[in-house]
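Peer 1: For reference, the structure I am asking about is given below.
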Amino acid sequence: MHQNGFLSFFKMLTCEICQLSFTTLNSLKSHKRDQHSSAAHIILENGESATIFRESGSSKFKCFCQKYFETVRGLQRHYNRNKCAGTDISVGLSL
Numbered sequence: 015m016h017q018n019g020f021l022s023f024f025k026m027l028t029c030e031i032c033q034l035s036f037t038t039l040n041s042l043k044s045h046k047r048d049q050h051s052s053a054a055h056i057i058l059e060n061g062e063s064a065t066i067f068r069e070s071g072s073s074k075f076k077c078f079c080q081k082y083f084e085t086v087r088g089l090q091r092h093y094n095r096n097k098c099a100g101t102d103i104s105v106g107l108s109l
């Protein structure tokens, strides 16, 4: 690949929001979903899916148990380990 082609490819794999660069398209997509998405989609214990939004004015996601997480992945890992859906799930949800 000549230099112009390489620079174009490199630019494609740079997050336009925070300017971080990635070696694969999948890693860029994961980064954008985890770091810059305003919503997290999780599967509840009963099999239904829920969407949790970042707190207004915050960069963090708030779990049903009131704990905060920087990333969708962190929230999902916490939820899977702790099954927080037993608490009030009406706050911050769009089912």
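Residue numbers (the working numbering): 15 to 109. All residues carry an ideal CB built from backbone N, CA and C; glycine is no exception. Please read all numbers here as calculations on a predicted model, not as lab measurements.
Since His92 sits in a beta bridge, which residues does DSSP pair it with?
Peer 2: None, per the DSSP bridge assignment.
Peer 1: May I ask which residues mark the beginning and end of the alpha helix (DSSP H) holding His45?
Peer 2: Leu39 to His45 is the extent of the alpha helix (DSSP H) around His45.
Peer 1: In angstroms with no decimal places, state the Cα-to-Cα distance between Gln90 and Asn40.
Peer 2: Taking the straight line from one Cα to the other gives about 19 Å.
Peer 1: Ignore the nearest five residues each way along the sequence and tell me which others in Ala54's own chain have a CB closer than 6 Å to its CB.
Peer 2: Cβ neighbours of Ala54 beyond the five flanking positions: Ile66, Phe75, Val86 and Leu89.
Peer 1: Would you say Phe75 faces chain C, with C-beta separation under 8 Å as the test?
Peer 2: Within the model displayed, chain C is absent; a lone protein chain is all it includes.
Peer 1: What's the C-alpha gap between Thr37 and Ile31?
Peer 2: Taking the straight line from one Cα to the other gives about 17 Å.
Peer 1: Please determine, among Gln33, Cys77 and Ser35, the residue with the shortest C-alpha to C-alpha distance to Ala64.
Peer 2: Among Gln33, Cys77 and Ser35, the Cα nearest to that of Ala64 is on Cys77.
Peer 1: By how many angstroms is the C-alpha of Thr28 removed from the C-alpha of Asn60?
Peer 2: Their backbone Cα atoms lie some 38 Å apart in a straight line.
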